[in-house]
Ligand code: SF4
Ligand code: SF4
Ligand code: FES
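Residue numbers (the numbering used here): 676 to 1021.
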């Protein structure tokens, strides 16, 4: 016989909801998902929760536990103090369907927007050959289980629905980075696409995504920062710099043109084609696209842009912040308090 523990579970749907209190039995060795299942079996048979493998590999059971994005099946009850209340809420960044289940279609739309692996035309599947060192280099990124915890925690979209059309998020930055370092991928504009189409510049390297990744992928250190550096290298390459000084922007190659032609998409369709938009995910709405640096009346970049020493905005933590961040500095926000605004969830 286990002990009784206090759980608070968010229940509701897209019209609103609230935290509900339960006293539930917990046995040694159990994880939070076990306790949710016991609640379903004994007290709330209609409590909605998404799960599949219960082994930390399908990425379905993402939820927020005591305010931190985690996998329910990999969060041991023994990590909490005996008298600690365990509060379970749905992912905040995505629209709630019901209870702990959210609509994560935003992520699948972003996956579709990313140009696929483009092997050399003269090679058939089965003829691809890679050096082991190249396989290993991107192996880390292929561990991703698409739990979308990193997407959920990223402050660029967490409370900013308006940024979603322009920002793909860390899960897709690692995909872009993986393809960028793939020796058989023939596209040479992955970095530029990440900057222009995926909103890489919105990321200010807070590392929250890395903090929550259950696969311990070094999203920021190994994918985002190297890509940012390479974009900057390209931008500050002396020849490129001179080219930008001499030519107007519309005379320079548009790195996104090839992608738009190849995928049949354009900025306009990406931000709002009502025929294909999935309204439930909210990605279709009009919003700001990644902003190119402003040009002066002569069509040239301003001097300030040319001498800027960073690729993105200033860190909200300040330049002297050490990483990893201490827990109190993480930008998690808990949905509304139990008696607060019923629409506090996102
Ligand atoms: S480092 Fe921060 S801003 Fe950048 S993708 Fe990760 S969570 Fe988002
Ligand atoms: S990168 Fe990590 S946190 Fe993000 S979806 Fe993949 S496994 Fe989940
Ligand atoms: S149920 Fe598959 S990761 Fe948790």
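Yeah, the Cβ is synthetic: ideal placement off N, Cα and C, and Gly gets one too.
Chain-order list of residues whose beta-carbon lies under 7 Å from that of residue i (same chain, five-residue window excluded)
i           : result
residue 793 : 860, 861, 862
residue 698 : 679, 681
residue 890 : 818, 819, 820
residue 933 : In this predicted model, residue 933 has a pLDDT of only 36, less than 50, meaning its place in the structure is not dependable; the value taken from the coordinates is given anyway. Hits under 7 Å: 864.
residue 713 : 699, 700
residue 895 : 880, 882, 884, 885
residue 755 : 761
residue 892 : 815, 816, 818, 819, 849
residue 729 : 708, 748
residue 822 : 734, 737, 746, 889
residue 809 : 858
residue 731 : 746, 748, 749, 889
residue 807 : none
residue 783 : none
residue 757 : none
Contact set for residue i: own chain, Cβ-Cβ below 8 Å, skip 5 residues either direction
i           : result
residue 798 : 859
residue 718 : 697, 699
residue 744 : 737, 738, 766, 824, 827, 828, 887, 1007
residue 683 : 694, 695, 696, 697, 760, 761, 762, 763, 1013
residue 984 : Annotation note: pLDDT 48 at residue 984 (below 50); position unreliable, no value reported.
residue 906 : 866, 867, 869, 870, 875, 986
residue 929 : With a pLDDT of 46 at residue 929, under the threshold of 50, the predicted position of this residue should be treated as unreliable, and no value is reported.
Paired residues, beta bridge with residue i - DSSP
i           : result
residue 745 : 738
residue 762 : 683
residue 773 : 688, 776
residue 751 : 706
residue 678 : 701
Boundaries (first-last residue) of the beta strand (DSSP E) holding residue i
i           : result
residue 701 : 691-701
Close Cβ partners of residue i (< 6 Å) along its chain, the five nearest in sequence each way excluded
i           : result
residue 842 : 831, 832, 874, 877
residue 774 : 686, 722, 723
residue 725 : 735, 776
residue 733 : 727
residue 677 : 700, 701, 702
residue 785 : 843, 847
residue 750 : 706, 707, 740
residue 869 : 851, 875, 902
residue 856 : 812, 813
residue 752 : 701, 705
Inter-residue CB distance, residue i and residue j (contact presumed, cutoff 8 Å)
i           : j           : result
residue 707 : residue 742 : Between residue 742 and residue 707 the Cβ distance is about 13 Å, and since that is not below 8 Å, they are no contact.
residue 838 : residue 767 : Rounded, the Cβ-Cβ distance is 14 Å, inconsistent with contact.
residue 898 : residue 816 : 7 Å
residue 689 : residue 770 : 6 Å
residue 805 : residue 851 : Between residue 851 and residue 805 the Cβ distance is about 18 Å, and since that is not below 8 Å, they are no contact.
residue 813 : residue 853 : 4 Å
Where the alpha helix (DSSP H) containing residue i begins and where it ends
i           : result
residue 829 : No alpha helix (DSSP H) holds residue 829; DSSP gives it neither H nor E.
residue 883 : 883-887
residue 718 : Residue 718 -> no alpha helix (DSSP H), and no H or E assigned at all.
residue 724 : Careful: residue 724 lies outside any alpha helix (DSSP H) and carries neither H nor E.
residue 849 : 845-855
residue 868 : 865-871
residue 809 : 807-817
Around ligand 3, what residues have a beta-carbon under 7 Å from a heavy atom of it, in chain order? Matched residues: 708, 726, 727, 728, 729, 730, 731, 732, 733, 734, 735, 736, 746, 747, 748, 749, 820, 822.
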